[in-house]
Structures are given as C-alpha cells and as structure tokens.
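Quick note: the sequence shown uses my numbering, first residue 10, plus one each step.
For each residue, glycine too, the CB sits at the ideal point set by N, CA and C.
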Amino acid sequence: MAPKVLVSDELSETAVQIFRDRGIDVDFQPDLGKDKDKLAEIIGQYDGLAIRSATKVTDKILAAAPNLKVVGRAGIGTDNIDKDAASKKGVIVMNTPFGNTITTAEHAIAMMFAVARQIPEASASTHAGKWEKSKFMGVELTNKTLGVIGAGNIGSIVCDRARGLRMKVLAYDPFLSDEKAAKMQVEKVELDDLLKRADFITLHVPLTDATRNVLSRENLEKTKKGVRIINCARGGLVDEEALADLLKSGHVAGAAFDVFSVEPAVDNPLFNLPNVVCTPHLGAATTEAQENVALQVAEQMSNYLLTGAVENALNMPSVTAEEARIMGPWVKLAGHLGSFIGQMTDEPIKAINILYDGTVSEMNLDALNCAVIAGIMKKANPDVNMVSAPVIAKDKGIQISTTNQDKSGSFDGYIKVTVVTAKRERSIAGTVFSDGKPRFIQIKGINIDAEIGANMLYTTNEDVPGIIGLLGNTMGKNGVNIANFTLGRNVVGGEAIALLYVDDPIPDTVLKTLEGTGMFQQVKPLAFDVA
C-alpha cells in the first residue's frame, strides 16, 4: 500500500505533484492546519504530514496519529512542532534549511541598507508631502566594519555579499575554523572584539540556550557608539528592552528587526522608535524561497517514506539515499544485535557499549547507534523505533558509548554490542556477509556463525556429549522443523551454546521439556523482525 501524506498548509502544486509522481497518496487540504480539531480527527490516517507555519503539531495531534512517521516543515523554523513529543512518539521532524538561505541573507542586507539610509522614514515623510531632504542623513556601507554573529549557511552568504559591498567583515562563530574563515576572506574574532569594532552587527544563529540574549544589555553596552543592529534570525537573540534604551540614549544609531521575542509582534519596545526598521518575519518571504522549500520538503519526505533516507532531520541522524542503500543490511544487523540482548536482559540496563570494527566503522555511526538502541528497547516497548529509542534511553539514564577501530580480525567489518547491568555484562557481535545477509558471529565471547531467522532458540549448557541429539530429538518429536543449527564453545568441557533457527514459534511444551532435562543452564526463545 502506498504511503499517505497530508498537506495541511499552502504548498505549491508543483510540490504536491512531486508526492504523486513518487507514488505517494497525497491529500492536499491547505486550510486544514488552522482547524486543530479537524486535523486531530483525521491525522490518524496518514504516514506523513507536510506543513508550513500555520499547522501546530502539538502532543494532542501526535497522540491522535498512530501511523505518523514524519512531519516535514517547508522552511527552517519548527517552533510550531512539539519536537520532544514527536521524538517520544518516534516521529521524524524534518525542515528545509537551505531553501531560503539566499532569500534570508538578502533580506538582512536589505535591512542594513534601509537602516543605514533611513529609507522607511524617508519614504513615509515623502508620501506625506513633507520633502524633508536635510532630515535624513545616512551613512555609507563602503569601508564600514560588519560584525556577523554566526557564519553558517545564511551568515556565510551575508559575509560574501558584504565583501562585495567593500565592507570589512568580522565573524564570530565558535564552530568557524581558521581555514574556513580564510577561505571566506573574513576575520575570525571573539564576541567582545566584534562588539567593540563593528559599525553594523547582524545575527545569524539559531535560538538555543547558548545564544539566547547573546546581545544582552551588558553586551550591547560594549558595542561601538553609533552601531546599527540587524536581526533577521530569531527573536530572543537580543534584549529588546535594553536595545530600546540604548537607541533612546543615542548609543545605538539604528536597528532593523525582522524577528521578535514574541510573534506575532503587536507590541514591542522597539516599535515607534526613530530609525528602527521593522518587518513581520519576511526573511523567507520571496516566491523563489517559498517554492524551493516546498519542493525540498516534498522530496525529503518522499525519500524517507520510500527509501528510508533521512535528510535534514532535527531529531534523528541524517542518512542519505546512498547511505540508506549501502547501510541497509548493517542497520538490520544492528537492530538484530540489539534485539538479541534486549530479549536476553531482564534487569535494568545501566550502559550500552557499541564497538564498530573495520569497514562499518566508516559508516554513519549515529544512525547505527539508533538501530542498536531501538532493538534493545523493543522488548519493553514494541512501538519504539530509531527516533524514539535514544530519547527513552536518555530518560532512563542509560549511558551510551561508541568505539570505532580499524579492521582487527578475519572479517572486513563487524559490530559488537555489550550491555551492562548491575549483575552482569552481556555481549554479542555480528557481521554482514557478501550476500547482504546479517550473521551472528560471537555470543558471550564464543565464536559462532549463525543465520538470523524470525524464530530462534538459544540455549547454554556444559560442553558434554548428547546435546545435539537431545535438541534435535525434542524438536522432531514436537513437530518443530529446524532450518539451521549452530553450536559454539569456549574450551573443551567448558560453556557451550546452541542457536537454532526454526520455522515456527516454539511451543511452551518444548521449552518446558528441555528445561526439565536438567542439561541446560538457559533455554530462551527469540523472535526477530526479518522482514
């Protein structure tokens, strides 16, 4: 059955057609996002939800969406999506961070020109028939110093455009390398240095705990007298009350804001101050950007629903279509390894340690970690998936550690998972053979070579004669057909294990018969999702 996607906000017909062309059953209801009750009533039918800003994806909407796998936001901001609730429900949240980068950067440059030349006030005055030519004395941008806070996708474009205006560009970004700064031809500086030297300051960072009020009252007071502040990034990055005070005192010569701490902004300390330019969050408001993000979200959602590729997700590691194709068997293996340990472990888990060896160590380990953790968690919560599992593990206080190493054995690559509880450590390793099929290759340090089937039986015993016959006879007498039989031991006469791959679930009577022989320390039926 084809995946079903609901489009509940305005999206271009071209974007909607992308879903249809990819074989997605799409329902285009662009006004539905404004009706939260109706949305909650029908959302349970859909695998995907494509939105802009009007639709509010709350915990109530998510609770009514048992089939929902992905929410795609055509745009950058996802404040209208409860991402914590989505993660706990196992729903991927995607945005489109690149579709409106140029548009937002251009808006910041436009706002810089507007505040430098007082264009809005001059326009209003001229419309009123005043012709106040001498009143609006501006400043040139040429040879001025621009301080850019955040040199990522949008900030780097602003830097490039500013250099074209013959401005000197300072960039503050903790993640900006010296090499990248040199390539961008900007001067990498610390924040205090930027504040003291910049004639104009523009912000291009997300709103996080680290960036909230990055231009606090204290930092604003460190700025050069006559500075002009531009914010087209996120409300909350600037202390608006403090900025208003400094505008009134004359320390700050002007400000241009497209975003505000509270939106819609109907009342704000910056409103009605001289030489303050305000626009209603228009950074992405061009026809080109709106089309670009719509097309991008349709492609991303289709790729995920049809191939498992995860692009621009906010609550799960991204996996490209090519990675999804190559990593598919390894993701399955990671899930099986986790599932084995999860089914074998009854006590609370303290830590999960994952070792990647050889070729697999060069893959997308974040995604593989998610698969392992999901496999482990499925015993306690069958609805868990790669999105929700890390959140659940974190809530339970489980420590996750990852190690990757060069090839160290006979296999080109393998994964080893160890779970630590208060009582014991339990480990299992596996690999993917050239046929693309995952195999278990080690359990409890004992080497084996076991296919993985939907129904399996795991036993441990002392290495003595007769175990093979006992298992075979018991299965045969009870009509259980063995598809594959694997044995292993550490030393002669020591601990031995058996792993049987059988055609059907093993009846309780068989398990009780084997336990009643007194020959086994452990008899454990296992089930794996091998679809």
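DSSP has residue i in a bridge; who is on the other side?
i	result
D36	L15
C287	F266
S436	T427
P75	None; P75 has no bridge partner.
T412	L364
A402	Its beta-bridge partners do not exist; DSSP assigns none.
A507	T468 and L496
P534	L466
A59	V16 and G81
A322	M103
I491	V511
V157	A180 and T211
V441	P447
G351	Paired residue(s): none; G351 is not in a bridge.
Would you grab the beta carbon distance between residue i and residue j for me? Rounded to a whole angstrom, and I think it's under 8 Å.
i	j	result
V306	R82	7 Å
K535	M465	Contrary to the premise, residue 535 reads as Leu rather than Lys in this sequence. At roughly 4 Å, the Cβ-Cβ gap stays under 8 Å, so L535 and M465 are in contact.
G454	F420	So it is not a contact: roughly 16 Å between Cβ atoms.
G462	Y423	The Cβ separation is near 20 Å, so there is no contact.
A380	I101	That pair is no contact at about 14 Å.
R7	D248	No statement about residue 7 is possible, as the shown extent of the chain runs from 10 to 540 and does not include it.
I238	L216	With 8 Å as the limit, I238 and L216 do not qualify as a contact, their Cβ atoms being about 16 Å apart.
M103	Q309	5 Å
N324	S62	N324 to S62, Cβ: 19 Å. No contact.
T288	D267	5 Å
V428	T329	That pair is no contact at about 30 Å.
K432	E331	That belief does not hold up - the Cβ atoms of K432 and E331 are roughly 42 Å apart, past 8 Å.
Closer than 6 Å by C-beta to residue i: which residues in its own chain qualify, once you throw out the five before and the five after it? Chain order, please.
i	result
L496	A507
L155	A171, M176, V178 and F209
N301	G108
K98	L71
K416	G367
G263	V124, R237 and N284
V393	A383, M386 and K387
L212	I158, N240, A242 and L246
K78	D56
Between residue i and the rest of its own chain, which residues show a CB-CB distance below 7 Å, the 5 nearest in sequence each way excluded?
i	result
L41	S17, K47 and L48
I515	N464, L466, V489 and P534
L479	T526 and M528
A333	T316, G317 and A318
A298	G108, N109 and T112
C168	V157, A160, V178, A180, M193 and V195
M372	M336 and W339
L374	Y365, T411 and N413
P106	I85, N162 and N321
G53	A73, A74, P75 and N76
L279	E249, L252, A253, A264, F266, V285 and C287
Determine the DSSP secondary structure at residue i, reduced to helix, strand or coil.
i	result
F122	helix
P447	strand
L315	helix
E149	coil
V519	helix
I461	coil
G164	helix
V393	coil
K387	coil
K549	A question about residue 549 goes unanswered here, because the residues of the chain that appear run from 10 up to 540.
N456	strand
F566	With the chain running from 10 to 540 in the structure shown, residue 566 is simply not present.
V328	strand
L282	coil
V275	coil
I90	strand
V306	helix
G422	strand
V66	strand
V369	helix
G478	helix
T295	coil
N109	coil
D44	coil
Q127	coil
W140	coil
I382	helix
R31	coil
V501	coil
Residues in its own chain within less than 8 Å of residue i by CB, not counting five upstream and five downstream?
i	result
S410	A360, I361, N362 and I363
N152	R175, M176 and K177
V519	T483, M484, N487 and V489
If we define contact as Cβ-Cβ less than 8 Å, is residue i a contact residue for chain D?
i	result
A540	Checking the listed chains, one finds no chain D in this structure; it contains a single protein chain.
Problem - Entirely enclosed alpha helix (DSSP H) segments - the region 178–260, minimum 4 residues - result: Counting whole runs of 4 or more residues, the region 178–260 contains the alpha helix (DSSP H) stretches 187–193, 200–206, 226–230 and 249–258.
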